[in-house]
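Enquirer:
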Amino acid sequence: AKSKAVIPVESFDWGRYICSNNLVGAPVSCFKHVPMGTCWGDISEGVRVEVINSDTALSTKVYWIAGIVKIAGFQALLRYEGFDSDSSKDFWYNLCVPEVHPVGWCASSGKPLVPPKTIQHKYSNWKAFLVKRLTGAKTLPPDFATKVHENLQYPFKKLMRVEVVDKTHLCRTRVALVEQVTGGRLRLVYEESQDGTDDFWCHMHSPLIHCIGWSRSIGHRFKRSDVSKKVEGQMDASPQLFQKVKDVDQSGEWFKDGMKLEAIDPLNLSAICVATVRKVLADGYLMIGIDGSEAADGSDWFCYHSCSPSIFPVGFCEINSIELTPPRGYTKLPLNWFDYLRDTGSIAAPVKLFNQDVPNHGFQQGMKLEAVDLMEPRLVCVATVTRIVHRLLRIHFDGWEDEYDQWVDCRSPDLYPVGWCQLTGYQLQPPAAQSARE
Amino acid sequence: GSEASSRKWEQKQVQIKTLEGEFSVTMWASDAKK
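Quick note, the sequences are listed as chains A and B, same order.
In this text, residue positions in the first sequence follow this note's numbering: the first is 18, and each later residue adds one.
In this text, residue positions in the second sequence follow this note's numbering: the first is 86, and each later residue adds one.
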């Protein structure tokens, strides 16, 4: 599996990157799992805010009113009122940082509103100018800052115990402790890890983490911790904190062992492979193996829920002109499913059993975002949506070869808008410069 | 579901205080539906 090396971070400037290449950032409303993801619709070009006036000779902090000229994720290109069509003093600002306020906040907070030095003599009567410019214009909701603050609180806390996939044996889970929470991303440390380095990164809404007891409840393999001494302050994370899956009725027509399908390879997310249902578990979960690369003991099976957007009916790739990775060692290429099913004496999983919802996600080809490299889940990188197939996105990591691209679901909690790292304090991996890659 | 559907745009009297004195303008801001 391909994974990228960590690149030393110079100060990457999203604003300059977006402007110099005339790029578009995916709207925050595309990401339901991020702060403000469900109430970003009111933020648009033309909305007025009160921000610090950086164009001043005064020693004290003063503010001025600015309008949103362009938005890219959480970042907005702002222009102070009075500059009209002059963009020379435009500046990029993360709208969710504390120093962005609705118009009116200065007056209610006793903060001075002072026009920028560059244009302070442009109007003899700023009051008349502002009344004309602002009347009927939009501004931020009065509860905007409160909402941002609420949205930056996370229910997962350090020392909470969860069950998580064992990164060395995908077919089983292990107990891990929450060691760090940043922007909803968790750094988990497997319970047996003596030095605290055996870790696993994922988002708190990841389908890979579950409450204690989940594996036993659905018949999933589990590696018992042989930890004798419990760390003080540990607690099992409440089941309410975990992503709910859809209840399914397995009593009727259902998946069976041996049925064939197509699945994103969790060890190589750039590939959708020929796969087989190896074991049907409870609550709609399935153990799936990639054809041609299965260890005899099933240790490389992996668990997807039947509603997972990462599994597809036979023929999905062909219909959507996606390359399907054939089983290793299967020589009749290109693979023809009819021949393969006959050669293997198997049947395809019925199409109607698969999740066919296609959310109105809002992503468009070419949009910029911050995406987790799922082969190195610590890393959140500058990325681009390069292809869209229904709810499936092809994510390209800027500056890296296409072979590092990954298929990711539009609702994946591992995709973030421009500016999310700055907002949460997470380190962003900039586009790979040629030298760094080499 | 999106919270946006539970919000609506309202006209608000907004106070502005500059060196020339204090005045108000009517602007739009969204607010949670009461």
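C-beta atoms are modelled at their ideal positions from N, C-alpha and C, and glycine is treated no differently.
Identify the residues that DSSP records as bridge partners of A/Glu-67: which are they?
Expert: As a working mapping, residue 67 of chain A is identified with position 50 in the first sequence. Beta-bridge pairing links A/Glu-67 to A/Ile-82, A/His-118.
Enquirer: Whether or not the region 115–124 of chain A and the region 433–444 of chain A are in contact is what I'm after, with contact meaning three or more pairs of Cβ atoms, one per stretch, closer than 8 angstroms; do they touch?
Expert: Cβ pair count under 8 angstroms is below three, so no.
Enquirer: I'd like to know if A/Cys-123 contacts chain B, where contact means its C-beta is closer than 8 angstroms to some C-beta of that chain.
Expert: Reading the first sequence from its first residue, position 106 is the one you call residue 123 of chain A. Interface residue, yes.
Enquirer: Roughly how far, in whole angstroms, is the beta-carbon of A/Pro-430 from the beta-carbon of A/His-220, given that I think they are within contact range, below 8 angstroms?
Expert: Here residue 430 of chain A refers to the residue found at position 413 of the first sequence. Here residue 220 of chain A refers to the residue found at position 203 of the first sequence. Correct: roughly 4 angstroms between the Cβ atoms.
Enquirer: Go to A/Gln-439, then tell me how far its alpha helix (DSSP H) extends in each direction, as first and last residue.
Expert: Position 422 of the first sequence, counting from 1, holds the residue named residue 439 of chain A. Where A/Gln-439 is concerned, the enclosing alpha helix (DSSP H) stretches over 437–441.
Enquirer: Does DSSP classify A/Val-145 as helix, strand or coil?
Expert: Taking the first sequence and counting its residues from 1, the one referred to as residue 145 of chain A is at position 128. For clarity, residue 145 of chain A is Ala in the given sequence; the question names Val instead. Correct three-state label for A/Ala-145: helix.
Enquirer: Measure the alpha-carbon distance for A/Lys-273 versus A/Phe-329 and round it to whole angstroms.
Expert: Here the question's residue 273 of chain A lines up with position 256 in the first sequence. Here the question's residue 329 of chain A lines up with position 312 in the first sequence. Rounded to the nearest angstrom, the two C-alpha atoms are 15 angstroms apart.
Enquirer: State the CB to CB distance for the pair A/Gly-32 and A/Leu-94, rounded to an integer number of angstroms; the pair is presumed to be in contact (CB under 8 angstroms).
Expert: Taking the first sequence and counting its residues from 1, one reaches residue 32 of chain A at position 15. Taking the first sequence and counting its residues from 1, one reaches residue 94 of chain A at position 77. Confirmed, Cβ separation roughly 7 angstroms.
Enquirer: I'd like to know if A/Leu-112 contacts chain B, where contact means its C-beta is closer than 8 angstroms to some C-beta of that chain.
Expert: If you number the first sequence from 1, residue 112 of chain A lands on position 95. So no, A/Leu-112 is outside the interface.
Enquirer: What is the rounded straight-line gap between the Cα of A/Pro-434 and the Cα of A/Thr-361?
Expert: Locating residue 434 of chain A in the first sequence gives position 417, where the first residue counts as 1. Locating residue 361 of chain A in the first sequence gives position 344, where the first residue counts as 1. For A/Pro-434 and A/Thr-361, the distance between alpha carbons rounds to 44 angstroms.
Enquirer: CB-CB under 7 angstroms to A/Ser-223, same chain, minus the five flanking residues each way: which ones, in chain order?
Expert: As a first step, residue 223 of chain A is located in the first sequence; it is residue number 206 there, counting from the start. Within the same chain, A/Ser-223 has close Cβ partners Pro-430.
Enquirer: Helix, strand or coil for A/Glu-485? Go by DSSP, reduced to three states.
Expert: Given a span of 18 to 455 for chain A in the structure shown, any question on residue 485 of chain A remains unanswerable.
Enquirer: Which residue from A/Ser-210, A/Met-53, A/Tyr-357, A/Val-331 puts its Cα closest to that of A/Lys-369?
Expert: Numbered from its first residue, the first sequence carries residue 369 of chain A at position 352. The shortest Cα separation from A/Lys-369 among A/Ser-210, A/Met-53, A/Tyr-357, A/Val-331 belongs to A/Val-331.
Enquirer: Using a beta-carbon distance below 8 angstroms, is A/Lys-119 in contact with chain B?
Expert: Position 102 of the first sequence, counted from the start, is the residue given in the question as residue 119 of chain A. The sequence shown places Pro at residue 119 of chain A, not Lys. True, the Cβ-Cβ gap to chain B drops below 8 angstroms.
Enquirer: How about A/Val-131: is its C-beta nearer than 8 angstroms to some C-beta of chain B?
Expert: Numbered from its first residue, the first sequence carries residue 131 of chain A at position 114. Yes - at least one Cβ of chain B is within 8 angstroms of the one on A/Val-131.
Enquirer: Measure the CB-CB distance between A/Cys-47 and A/Phe-380 and report whether it falls below 8 angstroms.
Expert: Within the first sequence, the letter at position 30 stands for residue 47 of chain A. Within the first sequence, the letter at position 363 stands for residue 380 of chain A. Yes.
Enquirer: Rounding to the nearest angstrom, what Cα-Cα distance links A/Asp-103 and A/Gln-92 in this structure?
Expert: For the purposes of this step, residue 103 of chain A is identified with residue 86 of the first sequence, where counting begins at 1. For the purposes of this step, residue 92 of chain A is identified with residue 75 of the first sequence, where counting begins at 1. Using only the alpha carbons, I get a separation of about 20 angstroms.
Enquirer: So is A/Leu-445 in contact with chain B if we call contact Cβ pairs under 8 angstroms?
Expert: Numbered from 1 along the first sequence, position 428 holds the residue referred to as residue 445 of chain A. A/Leu-445 does not count as touching chain B.
Enquirer: Measure the beta-carbon distance from A/Ser-232 to A/Thr-190 and round it to whole angstroms, keeping in mind my assumption that it falls under 8 angstroms.
Expert: To locate residue 232 of chain A, count along the first sequence from 1; it is residue 215. To locate residue 190 of chain A, count along the first sequence from 1; it is residue 173. Indeed they touch by this definition, with Cβ atoms about 5 angstroms apart.
Enquirer: Report the option in A/Glu-98, A/Gly-153, A/Gly-275, A/Asp-101 whose CA atom is closest to the CA atom of B/Glu-95.
Expert: Residue numbering aside, residue 95 of chain B sits at position 10 when the second sequence is read from its first letter. Checked all of A/Glu-98, A/Gly-153, A/Gly-275, A/Asp-101; the closest Cα to B/Glu-95 is A/Gly-153.
Enquirer: If you measure from the beta carbon of A/Trp-143 to each beta carbon in chain B, is any gap under 8 angstroms?
Expert: As a working note, residue 143 of chain A is residue 126 in the first sequence. Chain B, which has a Cβ nearer than 8 angstroms to the Cβ of A/Trp-143, makes this yes.
Enquirer: Terminal residues of the continuous alpha helix (DSSP H) containing A/Ile-35?
Expert: Start at 1 with the first residue of the first sequence, and residue 35 of chain A comes out as number 18. Segment 31–37, the alpha helix (DSSP H) holding A/Ile-35.
Enquirer: Per DSSP, what kind of secondary structure is A/Ala-254 in: helix, strand or coil?
Expert: The count along the first sequence starts at 1 and reaches residue 254 of chain A at position 237. Three-state DSSP puts A/Ala-254 in coil, outside helix and strand.
Enquirer: To which residues does DSSP link B/Glu-98 through a beta bridge?
Expert: The residue you call residue 98 of chain B lines up with position 13 of the second sequence. Note that residue 98 of chain B is Gln in the sequence shown here, rather than Glu. In DSSP, B/Gln-98 forms a bridge with B/Thr-111.
Enquirer: Would you tell me roughly how many angstroms separate the C-alpha atoms of A/Asn-353 and A/Pro-376, rounded to the nearest one?
Expert: On the first sequence, position 336 is the one that residue 353 of chain A refers to. On the first sequence, position 359 is the one that residue 376 of chain A refers to. Straight-line Cα distance between these residues: approximately 30 angstroms.
Enquirer: Would the beta-carbon of A/Lys-296 be found less than 7 angstroms away from any heavy atom of the ligand ADP?
Expert: By its list of ligands, the structure shown contains no ligand whatsoever, and the ligand ADP lies outside what it can speak to.
Enquirer: Taking Cβ positions only, does B/Ser-87 come closer than 8 angstroms to chain A?
Expert: In the second sequence, the residue the question calls residue 87 of chain B occupies position 2. Here B/Ser-87 scores only 46 on pLDDT, less than 50, and its place in the model is too uncertain to base an answer on.
Enquirer: Please work out which residues of its chain come closer than 6 angstroms, Cβ to Cβ, to B/Gly-86, disregarding the five sequence neighbours upstream and downstream, and give them in chain order.
Expert: For the purposes of this step, residue 86 of chain B is taken as residue 1 along the second sequence, with counting starting at 1. Low confidence applies to B/Gly-86: its pLDDT is 39, below 50, so where it sits in the model is not reliable, and the reading given next is rough at best. Excluding sequence neighbours, B/Gly-86 sits near nothing in its chain.
Enquirer: Can you give the Cα-Cα distance for A/Phe-173 and A/Val-165, rounded to whole angstroms?
Expert: As a first step, residue 173 of chain A is located in the first sequence; it is residue number 156 there, counting from the start. As a first step, residue 165 of chain A is located in the first sequence; it is residue number 148 there, counting from the start. Approximately 18 angstroms, taken between the alpha carbons.
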